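Colleague: Starting off with a structure, shown below.
Residue numbers (the working numbering): 42 to 155.
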């Protein structure tokens, strides 16, 4: 089945977003894979994930033993904010996913132009 290019570009890559911030010389893994750093911020990581339970682990920059572990559940198109400090990962907020916010912003901008 062939999908037109404009349809393939508008499909979301993930159902939800996980954002992690932290202090110290650390690295973050989600479901056993390294998380990517947020552009322009030193201690922030962003991961696009599907619905379900996901494992978040924080490691020292050099070392193999995790400093902290946390399991987070994503439901629908939501964004979960986590923070690591002093050996603990805490959930600091939940909200709309970045894809939903971008779509709402684009619709509002298009409505303002017409």
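In this text, a Cβ means the ideal position worked out from N, Cα and C, and glycines have one as well.
What you are looking at is a predicted structure, and each value in this text was computed from that prediction instead of being measured.
Compare the Cα-Cα distances from residue 57 to each of 72, 133, 121 and 147 and report the closest residue.
Modeller: The shortest C-alpha to C-alpha distance from residue 57 to any of 72, 133, 121 and 147 is the one to 121.
Colleague: Identify, in the order they occur along the chain, each residue of the same chain with its Cβ nearer than 6 Å to the Cβ of residue 99, setting aside the five sequence neighbours on each side.
Modeller: A distance below 6 Å between beta-carbons, with the five flanking residues on each side excluded, links residue 99 to the following residues of its chain, in chain order: 67, 69, 108, 109 and 125.
Colleague: Name the residue from 136, 74, 147 and 64 whose alpha carbon lies nearest to the alpha carbon of residue 117.
Modeller: 136
Colleague: Mind checking whether residue 102 and residue 61 have CB atoms under 8 Å apart?
Modeller: Not in contact: residue 102 and residue 61 (Cβ atoms no closer than 8 Å).
Colleague: Determine the direct distance from the alpha carbon of residue 128 to that of residue 94, and round the result to whole angstroms.
Modeller: 21 Å
Colleague: Three-state secondary structure (DSSP) at residue 60?
Modeller: Residue state, collapsed to three classes: strand.
Colleague: Taking the C-alpha atoms as reference points, what is the distance between residue 49 and residue 106?
Modeller: Caution is warranted here: a pLDDT of 37 is assigned to residue 49, below 50, making its placement in the model unreliable, and no coordinate value can be reported.
Colleague: Helix, strand or coil for residue 142 per DSSP?
Modeller: helix
Colleague: In the DSSP assignment, the beta strand (DSSP E) including residue 120 goes from what residue to what residue?
Modeller: 119-126
Colleague: Taking buried to mean at least 16 other C-beta atoms within 10 Å of its own C-beta, is residue 152 buried or exposed?
Modeller: Residue 152 comes out exposed.
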